[in-house]
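What follows is a single structure, written as structure tokens, with notes after it.
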């Protein structure tokens, strides 16, 4: 197992074709989790001049950092249209994986990155807005399920997700949003793919530049 964990992703794909035994071993969710979150071989030695670069052109936003993986949104402009492409990056290894573009013709897209510790699955949540203020189109992309495909989900809470990085804690993805012109925190349960509102002390309020932070509680 340790030998496989040291191989790059392309070599792992080739190893799956060697035998049925290797294929079954390398497809285990346990191995996938270890492989995705493994540190680099010399992670204990940090050099100040060592920079990790990823093959991304143009503008991008960081939408989440979960279990050692970083999810970026690469905004690609082609023929006057903006295409929203999520990219999963592992800073420890320098590897990246572009995901299928969000399926929409709409220009305004908000995305967040979460993890389900029960089924051990990473998911990308994307929401798009039409002419109304509320984001009424919600999609999920689940990693590690074979063919990567966006799936529409329902949300019974009309809300406007703000710019910022969401925080994923114990299978719950939290992000800042506006509900009926009132600042709120939205909780998205990654496993059940359901939404709920987190009540906030209005005496505290939420400023425009407020972000949801993981305080380690």
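Residue numbers (the working numbering): 842 to 1058.
Here a beta-carbon is modelled for each residue, glycine too, at the ideal position from N, C-alpha and C.
The continuous beta strand (DSSP E) containing residue 1013 extends over residues 1013-1020. For the options 856, 958, 953, the alpha carbon positioned closest to that of residue 911 is the one of 953. Restricted to the stretch 919-991, the beta strand (DSSP E) segments that are unbroken, complete and at least 3 residues in length are 922-931, 936-939, 949-957, 962-970, 976-983, listed in chain order. Nearest neighbour of residue 1014 by Cα position, chosen from 972, 978, 958, 926, turns out to be 958. Only exposed fits residue 1021, as fewer than 16 other CB atoms lie within 10 angstroms of its CB. The C-alpha of residue 992 is placed about 5 Å away from the C-alpha of residue 980. Residue 1004 is not bridged by DSSP to any residue.
Around the beta carbon of residue 946, fewer than 16 other beta carbons sit within 10 angstroms, so the residue counts as exposed. Residue 910 is bridged by DSSP to 907. DSSP places residue 852 in the helix class (H, G or I) of the three-state scheme. When the alpha-carbon of residue 1004 is set against those of 962, 989, 1026, the nearest one is in 1026.
Counting other Cβ atoms within 10 Å of its Cβ, residue 1031 reaches 16 or more and is therefore classed as buried. The alpha-carbon separation between residue 1033 and residue 918 amounts to approximately 33 Å.
The alpha-carbon of residue 906 is positioned some 32 Å away from that of residue 858.
Under DSSP, residue 996 takes part in no beta bridge, so it has no partner. Counting along the chain, residue 1037 sits inside the beta strand (DSSP E) bounded by residues 1035-1039.
Between residue 1036 and residue 860, the alpha-carbon positions lie close to 43 Å from each other. Residue 1023 sits exposed, since fewer than 16 C-beta atoms from the chains shown fall within 10 Å of its C-beta.
Taking a C-beta distance under 8 Å as the contact criterion, residue 950 and residue 925 qualify as a contact pair. A check of alpha carbon separations from residue 933 across 1011, 849, 1039 identifies 849 as the nearest. For residue 1028, the enclosing beta strand (DSSP E) stretches over residues 1023-1030.
For residue 963 against residue 984, the beta-carbon gap comes to about 4 Å, under 8 Å, which counts as contact.
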